[in-house]
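Before any comments, here is the structure.
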Amino acid sequence: MNKLLVLLSVLAVMSYVCRLRSFRWGVHKTRYILLHVLLGACSSWSLMMTMERQASLLSVTLLSLALAWIAATYHAWSDGPPRAMNQTPSQHKHRV
């Protein structure tokens, strides 16, 4: 089971690294960027706990949630972040 958890954790971490590289601060909504940062951190934590042979139900649950988000939104990410994650013009901060 540990090998499977390590494999899934690495897959999740790499998925979130790739997604975070696609975001641009100021172009995409902050809440989506932070969601991906937190889910990537959950994946990393799960990987760390698995590597230390201390995987618990919590780490498996967090990894499951992170992978579920990747699976649920996979189709929308074919060309980068979906347009729904972009800020509207009124959300851009204007410099004076």
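Numbering-wise (my numbering), the sequence shown opens with residue -7 and increments by one.
Note that beta-carbon positions come from the ideal geometry of N, C-alpha and C, so glycine has one too.
- By the Cβ rule, the stretch 11 to 19 does not count as touching the stretch 39 to 49, because fewer than three pairs are nearer than 8 Å.
- Put simply, the backbone Cα of cysteine 34 is about 6 Å away from that of leucine 54.
- The criterion of a C-beta distance shorter than 8 Å is satisfied by valine 29 and leucine 12.
- The Cβ neighbour count for histidine 67, taken over all protein chains shown within 10 Å, is under 16; the residue is labelled exposed.
- Secondary structure at glycine 72: strand, using DSSP grouped into helix, strand and coil.
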